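As you go down the protein sequences, you meet chains A and B in turn. Just so we're aligned, residue -1 is where the first sequence starts under the working numbering, counting upward by one. Just so we're aligned, residue 260 is where the second sequence starts under the working numbering, counting upward by one. Built from N, CA and C at the ideal position, the CB exists for glycine as well. Since the structure is predicted, the reported quantities are computational estimates derived from the model, not experimental observations.
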Amino acid sequence: AYRTDEGQPWVLPVVKKVEQMIANDNSLNHEYLPILGLPEFRANASRIALGDDSPAIKDKRVGSVQSLGGTGALRIGAEFLRRWYNGNNNTATPVYVSAPSWENHNSVFMDAGFKDIRTYHYWDAAKRGLDLQGLLNDMEKAPEFSIFILHACAHNPTGTDPTPEQWKQIAAVMKRRSLFPFFDSAYQGFASGSLEKDAWAVRYFVSEGFELFCAQSFSKNFGLYNERVGNLTVVGKDADNVQRVLSQMEKIVRTTWSNPPSQGARIVATTLASPQLFDEWKGNVKTMADRVLLMRSELRSRLEALGTPGTWNHITEQIGMFSFTGLNPKQVEYMVKEKHIYLMASGRINMCGLTTKNLDYVAKSIHEAVTKIQ
Amino acid sequence: SSWWSHVEMGPPDPILGVTEAYKRDTNSKKMNLGVGAYRDDNGKPYVLNCVRKAEAMIASKKMDKEYLPIGGLADFTRASAELALGENSEAFKSGRYVTVQGISGTGSLRIGANFLQRFFKASRDVYLPKPSWGNHTPIFRDAGMQLQAYRYYDPKTCSLDFSGAMDDISKIPEKSIILLHACAHNPTGVDPRQEQWKELAALVKKRNLLVYFDMAYQGFASGDINRDAWAVRHFIEQGINIVLSQSFAKNMGLYGERAGAFTVICSDADEAKRVESQLKILIRPMYSNPPVNGARIASMILNTPDLRKEWLTEVKGMADRIISMRTQLVSNLKKEGSSHNWQHITDQIGMFCFTGLKPEQVERLIKEFSVYMTKDGRISVAGVTSGNVGYLAHAIHQVTK
């Protein structure tokens, strides 16, 4: 979760404002939302992902399912794919998850019934960057129609994203091999500070004519973690297909949570639908993204100034909340035990944990770990 | 071509269809008796005062929005368990239970269904009363269970077929799962009397069945939260380690906030911890952690003495209005000159009433009188007001005389 420079959680000012508006609106009640969710939320959420001028939206071939966070959107998509993709109830369709990935991806697809979950090459530990060739090779070798979970931006946990040119190569292989793109978009706006930039990959795939799913989370970019606000965007060939898909997703939703929670969706819908509030929100998002970007550049410059062995440009080349520092498990143990700095055994740090007050300490600690422990 | 060319159009939801047709109707006297949500005597949704107060208190605390634990808000789950089990419950006091927050009743049922599928290896069979809430069957099926039924409703008397139920239950294979509605049976409104519950408890104990209680109307049925939880508490006292799903949609009017809970009564606190760990493993790949808003409101109400008192009064008010509408409907039918026995309308309890009307009669009610209900003759008494009960009685009399 995001933290301010004081190390505190941050409720976005625009969220506080909209919550007050909702609280003051006596015409609102707590009645059930429709099964697929609040209509204004759904339409605006998908619009954010695909762009105002999206040809898919103009063609009315976009569907949306309000979900319980990004996880809920992934699960509804996975349940639908298991029932209706590549035949009926084809649990044998391979599902590819990046190595590494958010560990819950595996569980979501497993619990949805898929029996064959595989990894695709992604992180190159030696060069501390994307293993593009490994990734493309895996896609070439994957059985036709395999499902690939792609991180739309700010890859979790490595922070390493393909460049636009690399995305183009990925899309070309996926098209040729008829692979299904399932995007996980948990950090739109939060990664670069720009909604458009962070949605580039998803929009490119849409422009290339793919049918795809995109699981969106508003936990981070709206700071609405515990309200569970997410959206599954479905892009299909035409309106008729999308309509039938949604009708089946409705059945899946009905046996999972019946209808989604209303509070978070109201906050997001109200914000996105008002030009003024929308601008305010974009400003709040940029505040968060800029602080993380600042911490990245400050950490890197300190490490380089200290002469810490190794190269540290990956700290600023990576993006989003997380960074794969490249520290090995022994060095991580040193950080935790001797320096009381908590990070994952993988060397992943949460950049939001950095503040102007602790930057020096963290940089010096990393320097010690790298020089003392091999 | 599309990946989805072979995807069939899902069937329209039967209950939604009722509301859709109602919305299109221009008759000023129209009545929507399909609605599964409480309405006040003006036919409007009712936001409880205690809910508004709780919301104001919550807003003033300026809390952050950090993720809840996977199992939910602890103050809420503890209070939910205490509400269901009773503060003097040995099971509650000893801590030999686990309660996790669920997405209202449906989400809680689903967590339980998935848990049983994964850990209850003795049987795949879940026995539902005939009839039961329409969504029970697909929930259990999607969780990987098989559905069976036991006799419950007697259409000849519009009441409980107790001997049929006891007969069927006595033949259920040992270690099967049986689902019971704790109170205000949906859709019939027919509940066993306490003496009958005692016999049911003894029988399921003898048959060694796993009991799954669905309690969606505690307080909302009789107006008394302890009375409505009597069956649940009796079973536990008889040594039956039940599993339980609770909803706060109706009794707190928190429908769209999705506040609910799933409870497993265990042998001891250690077993409860182990069960909890497995429930979390099931929840994480479904939606990671639950939504805070409804749970916080419910927790504030249950844990703040003044608000709790106010809530008990308000829930009794809702239950009393429903009971009063039942009484008025029967007396209006008598006034219309109906010679039928309508006693079941006041014998039944809760939001719903199985009128006993046949499909052709229901169709006439819809077409000729703009009175909307589901084909099975079920009405939501919540949709009846002192302003329209006379019209309803008149319409029913016309199609049944």
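- Using a Cβ distance threshold of 8 Å, N239(A) and S264(B) count as a contacting pair.
- Around the beta-carbon of H338(A), fewer than 16 other beta-carbon atoms lie within 10 Å, marking it exposed.
- Between G371(B) and A520(B), the CB-CB gap reaches or exceeds 8 Å.
- Burial check for T285(B): the Cβ neighbour count within 10 Å stays below 16, so the residue is exposed.
- Contact annotation: V359(B) and G331(B) have beta-carbon atoms nearer than 8 Å.
- Residues of the stretch 323 to 344 of chain B whose Cβ lies closer than 8 Å to any Cβ of chain A, in chain order: D323, K324, E325, Y326, L327.
- Its Cα nearest to that of I604(B), the residue G448(B) stands out among K568(B), G448(B), K303(B).
- DSSP, read as helix, strand or coil, puts H338(A) in coil.
- Short of 7 Å from the beta carbon of R252(A), and not among the five residues preceding or following it, lie these beta carbons of its own chain, in chain order: I33.
- In this structure, the straight-line span from the alpha carbon of K328(A) to that of I495(B) is close to 52 Å.
- If only complete runs of 4 or more residues are kept, the stretch 138 to 197 of chain A shows the alpha helix (DSSP H) at 162 to 174, 193 to 196, in order along the chain.
- In the three-state reduction of the DSSP assignment, D606(B) falls in the helix class, which pools H, G and I.
- Contact residues of the stretch 9 to 21 of chain A toward chain B are V9, A21 (C-beta to C-beta distance below 7 Å).
- Cβ-Cβ distances below 7 Å link W165(A) to A199, Y202 in the same chain, with the five nearest sequence neighbours on each side left out; the list follows chain order.
- For D401(B), the closest of M247(A), F320(A), M293(A) by C-alpha to C-alpha distance is M247(A).
- By the neighbour-count criterion, in which 16 or more other beta carbons inside 10 Å mark a residue as buried, K355(A) falls on the exposed side.
- The beta carbon of L130(A) sits closer than 6 Å to those of Q164, all from its chain and outside the five residues before and after it, given in chain order.
- Beta-carbon to beta-carbon, S382(B) and I436(B) are separated by about 6 Å, close enough to satisfy the 8 Å threshold.
- Near chain B, meaning a CB-to-CB distance below 8 Å, the residues of the stretch 221 to 232 of chain A are G221, L222, Y223, N224, E225, R226.
- CA-to-CA, the gap between P259(A) and T231(A) works out to about 18 Å.
- Taking the Cβ atoms as the reference, G68(A) lies roughly 5 Å from A184(A), within the contact range of under 8 Å.
- Approximately 6 Å separates the beta-carbon atoms of E209(A) and K235(A); this is inside 8 Å, confirming the contact.
- Taken through DSSP and simplified to helix, strand or coil, A520(B) comes out as strand.
- One alpha carbon belongs to K320(B), the other to R311(B), and they sit about 15 Å apart.
- The beta carbon of M293(A) lies closer than 6 Å to those of M349, L352 in the same chain, with the five residues before and after it left out.
- Within a 10 Å sphere around the beta-carbon of L275(B) sit fewer than 16 other beta-carbons, which makes this residue exposed.
- Given a length threshold of 3 residues, each whole run of the beta strand (DSSP E) inside the stretch 48 to 107 of chain A is given here in chain order: 60 to 66, 93 to 97.
- The CB of T254(A) comes closer than 9 Å to the CB of I362, T365, G366, R369, I398, D401, M545, Y546 in chain B, given here in chain order.
- A Cβ-Cβ separation of about 11 Å leaves V643(B) out of contact with M632(B) under the 8 Å criterion.
- In the three-state reduction of the DSSP assignment, C417(B) falls in the coil class, being assigned neither a helical nor a strand state.
- For N348(A), the enclosing beta strand (DSSP E) has its first and last residue at 346 to 348.
- In the three-state reduction of the DSSP assignment, W121(A) falls in the strand class, which pools E and B.
- Chain-ordered, the chain B residues with CB closer than 7 Å to the CB of Y83(A) read W262.
- If you look at C212(A), you'll find it in the beta strand (DSSP E) that goes 210 to 215.
- In the three-state reduction of the DSSP assignment, F39(A) falls in the helix class, which pools H, G and I.
- In the displayed model, M559(B) falls within a helix according to three-state DSSP.
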